[in-house]
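J.: Starting off with a structure, shown below.
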Amino acid sequence: MKKNVALVLSSGGARGFAHIGAIRVLEDRGYNITSVAGTSMGALVGGIYASGRLKEFEEWVSSLDVMEVLKLTDISLSKKGLVKGDRIIERMKEIVHDRDIEELSIPYCAVATDIIRGRERVFSSGSLFNAIRASISIPTFFQPFLLAGDYYVDGGLVNPIPINRVKRIEGDLLAVVNVNADIPHVLIEPHIKEPVGKGYLKMIRNINARAGKHIPQHKKDDIGIFNLNNRSISIMLNQIASLTLMDSRVDIMVSVAKDSYGTYDFYKAAEIIREGERATLLALDGSVPDNDAGI
Numbered sequence: 063m064k065k066n067v068a069l070v071l072s073s074g075g076a077r078g079f080a081h082i083g084a085i086r087v088l089e090d091r092g093y094n095i096t097s098v099a100g101t102s103m104g105a106l107v108g109g110i111y112a113s114g115r116l117k118e119f120e121e122w123v124s125s126l127d128v129m130e131v132l133k134l135t136d137i138s139l140s141k142k143g144l145v146k147g148d149r150i151i152e153r154m155k156e157i158v159h160d161r162d163i164e165e166l167s168i169p170y171c172a173v174a175t176d177i178i179r180g181r182e183r184v185f186s187s188g189s190l191f192n193a194i195r196a197s198i199s200i201p202t203f204f205q206p207f208l209l210a211g212d213y214y215v216d217g218g219l220v221n222p223i224p225i226n227r228v229k230r231i232e233g234d235l236l237a238v239v240n241v242n243a244d245i246p247h248v249l250i251e252p253h254i255k256e257p258v259g260k261g262y263l264k265m266i267r268n269i270n271a272r273a274g275k276h277i278p279q280h281k282k283d284d285i286g287i288f289n290l291n292n293r294s295i296s297i298m299l300n301q302i303a304s305l306t307l308m309d310s311r312v313d314i315m316v317s318v319a320k321d322s323y324g325t326y327d328f329y330k331a332a333e334i335i336r337e338g339e340r341a342t343l344l345a346l347d348g349s350v351p352d353n354d355a356g357i
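Just so it is clear: in the sequence shown, position 5 is 67 by my numbering, and no numbers are missing.
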């Protein structure tokens, strides 16, 4: 008999690809995911899972290299944010057709932040992609999402691990995947080499130049505006997440180190998915098999 699980997926930028690996391991181990709540990348992965198209989405993101990610990044140095975010959403709609959340196979909700009113907005009905786009809008990077006269940004600002928003049924287990965990990162040998070429280096130089050198090239460099914003948000959401977890009874806690991958390492999807598998096996078994993923 399968064990029912209410699944909560945290925010965390590109590290959120680890949610894909976590879901795979849970299902392979006989867990039946009966509901999902997510914030930011957790909302994206959770919504695509609830739509039944996670396999196709995984195949696509795993194939992306640096240049393909850059092509999907519609740069716009406006006062609202570095990236519009329209191009990536339109590409995802080709893989997962938009639909109302009420039509999904399991209960789902996405958390966003109403930036004008300074409060949480929970999307549990209406357009799936409106909910996702609102939830993933990392401040200063993605432009805020305008919907019905309101501006929405990343839900991690108010609820990075939305345990209180997932739908529960009697006898289910609560599983949380936190990709911002304050734990040491155990380095594993990556299977995917980072492609570095002249075209990539030229593109990166151009983006850095247009951004006014706000993005430091190395950790030892003086902190820039962009990096300062990211670190500030990271500290804030980690504090909120810690308080949330302290007050909650979690049955399965999957933790991915916040230093394992960068917020914008979207071209490392395959590696990050493997990290999610490894972390989930560690949570379930207390160790990882010699073949790493073990599945």
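Using N, Cα and C, we set each Cβ at its ideal position, and we do this for glycine too.
S97 and P169: beta carbons closer than 7 angstroms?
T.: Result yes, Cβ atoms of S97 and P169 sit closer than 7 angstroms.
J.: Okay, do the region 338 to 346 and the region 307 to 319 touch, 3+ Cβ pairs below 8 angstroms being the bar?
T.: Result yes; three or more Cβ-Cβ pairs closer than 8 angstroms.
J.: Compare the beta carbon distance of G104 and L126 with 7 angstroms and say whether it is the shorter of the two.
T.: Not in contact: G104 and L126 (Cβ atoms no closer than 7 angstroms).
J.: Classify E339 as buried or exposed, calling it buried when 16 or more other Cβ atoms lie within 10 Å of its own Cβ.
T.: The residue in question, E339, is buried, as its Cβ has 16 or more Cβ neighbours within 10 Å.
J.: Helix, strand or coil for G78, going by three-state DSSP, please let me know.
T.: Helix at G78.
J.: With DSSP as the reference, please indicate the residues paired to G100 in a beta bridge.
T.: Note: G100 sits in a beta bridge opposite L71 and A172.
J.: What are the boundary residues of the beta strand (DSSP E) that includes A243?
T.: A243 -> beta strand (DSSP E) spans L235 to A243.
J.: Just curious, the alpha helix (DSSP H) that S317 is in, first and last residue?
T.: No alpha helix (DSSP H) holds S317; the beta strand (DSSP E) holding it covers I314 to A319.
J.: Which same chain residues end up closer than 6 angstroms to G259 when comparing Cβ atoms and leaving out the 5 residues on each side of it in sequence?
T.: Any answer about G259 is weak, because its pLDDT of 44 lies below 50 and its placement is not dependable; what the coordinates show is given next. Excluding residues within five positions, none has a Cβ falling inside 6 angstroms.
J.: Please look up how many angstroms separate the CB atoms of L106 and I82, rounded, as I've assumed it's under 8 angstroms.
T.: Their Cβ separation, rounded to whole angstroms, is 10 angstroms, which puts L106 and I82 out of contact at 8 angstroms.
J.: Bridge partners for L106 per DSSP, in chain order?
T.: According to DSSP, L106 bridges with nothing at all.
J.: According to the neighbour-count rule (16 or more other Cβ atoms, all chains shown, within 10 Å of its Cβ), is L208 buried or exposed?
T.: Under this definition L208 is an exposed residue.
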